[in-house]
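Peer 1: Shown below is the structure under consideration.
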Amino acid sequence: MIIMITRARVSGCFGSSVVAGAVLILSAMAGAALTGAFVGLLGAAVEPSMRALLAVTAVSTVIVGAALRPVPWQLDRETNTRWLTYNDWRTAAYNGLALGVGFTTRIGFWLWYLVPLTAFIAADPVLGAVGFTVFALTRVGLSALLTSADIYISDGIIRARMIADPLALAALGALYPILTPLL
Amino acid sequence: MGGILTSPRIRPALAIPLAALGVFAGHLLGLQPWTLLVMTALIVAIAQQTLP
């Protein structure tokens with residue numbers, strides 16, 4: 002991901018890495034907002050009892066998965082390397098979209114599943130869009146910031162999981178008191 | 004310490020009390036879905052900076 006962002010920043014997008022960074026972040030936010038709104042709409046489209054039933058099933062499944070394995074169910078890949086060859090605005094835009102949406106590349110942490118799950122449970126397209134946008138802005142914005150400062154975080158995923166996994170399990174558990182009254 | 008969370012025996016044993024703690028905390032605090040959405044979005048996005 003860092004390599005992709007670095008390339009996106011120096012891809013010669015209008016000759017400006019600032020513009021490339023802006024395209025990267027804005028496309029990430031746009032893709033995330035649309036995804037979040039869609040998930041929120043899905044939640045709103047079903048009756049509260051059915052929504053709660055679907056969500057309890059999904060939450061329980063993710064808890065079992067998180068209990069059994071440290072690596073989440075994910076597409077084990079980075080963004081498409083062919084996008085690097087464009088050398089124009091598309092490199093940043095496509096990378097931004099993919100990273101902002103989140104699930105089309107490695108997610109790395111079970112905690113990620115809380116984002117679509119809670120957007121679905123919130124059953125509000127605006128809240129869903131806001132939640133996903135917070136995710137995209139933090140993920141891609143922070144990556145761009147760290148890259149521009151030449152700061153690379155490597156081999157920290159195991160340590161990060163030691164914090165993220167317990168949080169994920171506790172947060173998944175915290176969804177039960179929200180959902181059970183709706184069943 | 005990282006090995007604890009990857010152990011196939013210890014990991015499930017830790018998962019149950021953690022999820023139960025979450026149920027208890029959620030019940031006590033009256034958390035709303037959107038608060039969990041924003042908090043988890045923020046935390047996982049920061050954690051993802053460590054992705055290879």
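As given, the protein sequences belong to chains A and B, one line each in that order. Following the working numbering, the numbering of the first sequence begins with 2 at its first residue and continues without gaps. Following the working numbering, the numbering of the second sequence begins with 4 at its first residue and continues without gaps. Cβ atoms here follow ideal geometry from the backbone N, Cα and C, with glycine treated the same way. Note that the coordinates shown come from a computational prediction; the quantities given were computed from them, not determined experimentally.
How many Å lie between Leu17 (chain B) and Ala130 (chain A) at the Cα?
Peer 2: By one-based count along the second sequence, residue 17 (chain B) stands at place 14. By one-based count along the first sequence, residue 130 (chain A) stands at place 129. A direct Cα-to-Cα measurement between Leu17 (chain B) and Ala130 (chain A) gives close to 33 Å.
Peer 1: With H, G and I counted as helix, E and B as strand and the rest as coil, what does DSSP make of Ile122 (chain A)?
Peer 2: Within the first sequence, the letter at position 121 stands for residue 122 (chain A). It is helical.
Peer 1: Residues of chain B with a CB under 7 Å from the CB of Leu170 (chain A): which are they?
Peer 2: Here residue 170 (chain A) refers to the residue found at position 169 when the first sequence is read from its first residue. Near Leu170 (chain A) (Cβ distances below 7 Å), the residues of chain B are Ala18, Leu21, Ala22, Gly25.
Peer 1: Taking the straight line between their C-alpha atoms, what separation do you get for Thr9 (chain B) and Trp74 (chain A)?
Peer 2: Here residue 9 (chain B) refers to the residue found at position 6 when the second sequence is read from its first residue. Here residue 74 (chain A) refers to the residue found at position 73 when the first sequence is read from its first residue. Roughly 15 Å between the two C-alpha positions.
Peer 1: Is it buried or exposed for Ser17 (chain A), if we count other Cβ within 10 angstroms and need 16 for buried?
Peer 2: For the purposes of this step, residue 17 (chain A) is identified with residue 16 of the first sequence, where counting begins at 1. With fewer than 16 Cβ atoms within 10 Å of its Cβ, Ser17 (chain A) is classed as exposed.
Peer 1: Can you pull the chain A neighbours of Arg14 (chain B), defined as C-beta to C-beta under 9 Å?
Peer 2: Taking the second sequence and counting its residues from 1, the one referred to as residue 14 (chain B) is at position 11. In chain order: Ala67, Ala68, Leu69, Arg70, Pro71, Asp166.
Peer 1: Shortest alpha-carbon distance to Ala56 (chain A) belongs to which of A:Thr119, A:Tyr153, A:Thr36?
Peer 2: Position 55 of the first sequence, counting from 1, holds the residue named residue 56 (chain A). Of A:Thr119, A:Tyr153, A:Thr36, the residue nearest in Cα terms is A:Thr119.
Peer 1: Taking 8 Å as the threshold (beta carbon to beta carbon), is Thr119 (chain A) in contact with chain B?
Peer 2: Taking the first residue of the first sequence as position 1, residue 119 (chain A) is located at position 118. At least one chain B Cβ lies under 8 Å of Thr119 (chain A).
Peer 1: In this structure, does DSSP put Val11 (chain A) in helix, strand or coil?
Peer 2: Residue 11 (chain A) sits at position 10 when you count from the first residue of the first sequence. Since pLDDT at Val11 (chain A) reaches only 49, below the 50 mark, its modelled position is unreliable, and the value read off the structure follows with that caveat. Val11 (chain A): coil per DSSP, three-state reduction.
Peer 1: Ignoring anything shorter than 4 residues or poking outside the stretch 35-75 of chain A, list the alpha helix (DSSP H) runs there in chain order.
Peer 2: 49-69
Peer 1: Rounded to whole angstroms, what's the CA-CA distance from Leu31 (chain B) to Leu115 (chain A)? Just pull it up for me.
Peer 2: Sequence index remark: in the second sequence, residue 31 (chain B) carries index 28 (1-based). Sequence index remark: in the first sequence, residue 115 (chain A) carries index 114 (1-based). Cα-Cα distance, rounded: 20 Å.
Peer 1: For a test of your reading of the model: does the CB of Ser144 (chain A) fall under 7 Å from any non-hydrogen atom of the ligand HEM? Yes or no.
Peer 2: Ligands are entirely absent from the displayed structure, and the ligand HEM is therefore not among its contents.
Peer 1: Spatial neighbours of Met4 (chain B) within its chain, please: C-beta separation below 8 Å, excluding the five flanking residues on both sides.
Peer 2: Walking along the second sequence from the start, residue 4 (chain B) turns up at place 1. Its pLDDT being 42, under 50, Met4 (chain B) is placed unreliably in this model, and the value from its coordinates should be taken loosely. Closer than 8 Å at the Cβ level, and outside the excluded window around Met4 (chain B), lies no residue.
Peer 1: Using a threshold of 8 Å, state whether the C-beta atoms of Leu112 (chain A) and Leu168 (chain A) are closer than that.
Peer 2: In the first sequence, the residue the question calls residue 112 (chain A) occupies position 111. In the first sequence, the residue the question calls residue 168 (chain A) occupies position 167. For Leu112 (chain A) and Leu168 (chain A), yes; Cβs fall inside 8 Å.
Peer 1: So Ala185 (chain A) packs on Thr80 (chain A), CB below 8 Å; how close in whole Å?
Peer 2: With chain A represented from 2 up to 184, any question about residue 185 (chain A) goes unanswered, as that position is not in the structure.
Peer 1: Relative to the C-alpha of Ile49 (chain B), which residue among A:Ile108, A:Phe39, A:Asn88, A:Val60 is closest?
Peer 2: Walking along the second sequence from the start, residue 49 (chain B) turns up at place 46. For the residues A:Ile108, A:Phe39, A:Asn88, A:Val60, the minimum Cα distance to Ile49 (chain B) belongs to A:Ile108.
Peer 1: Specify, as a first and last residue, the run of the alpha helix (DSSP H) that Tyr185 (chain A) falls within.
Peer 2: Given that chain A is displayed from residue 2 to residue 184, the structure contains no residue 185 (chain A) and the question cannot be resolved.
Peer 1: With respect to the alpha helix (DSSP H) encompassing Tyr208 (chain A), which residues constitute its N-terminal and C-terminal limits?
Peer 2: Because chain A spans 2 through 184 in this model, residue 208 (chain A) falls outside it and cannot be assessed.
Peer 1: Near Ala172 (chain A), what residues of its chain come up, given a Cβ to Cβ distance below 6 Å and the 5 sequence neighbours on each side ignored?
Peer 2: As a position in the first sequence, residue 172 (chain A) is number 171, starting the count at 1. The answer, listed in chain order, is Leu115.
Peer 1: So which of A:Ile26, A:Val20, A:Ala21 has the shortest CA-CA distance to Gly101 (chain A)?
Peer 2: Position 100 of the first sequence, counting from 1, holds the residue named residue 101 (chain A). Minimum Cα distance to Gly101 (chain A) is reached at A:Ile26.
Peer 1: Measure from the alpha carbon of Phe121 (chain A) to the alpha carbon of each residue in A:Ala161, A:Pro182, A:Met51, A:Trp84, then state which is nearest.
Peer 2: For the purposes of this step, residue 121 (chain A) is taken as residue 120 along the first sequence, with counting starting at 1. For Phe121 (chain A), the closest of A:Ala161, A:Pro182, A:Met51, A:Trp84 by C-alpha to C-alpha distance is A:Met51.
Peer 1: Compare the C-beta of Phe136 (chain A) against all C-beta atoms of chain B and say whether one is closer than 8 Å.
Peer 2: Translated into the one-based positions of the first sequence, residue 136 (chain A) becomes position 135. Taking Cβ atoms only, chain B reaches closer than 8 Å to Phe136 (chain A), which makes this a yes.
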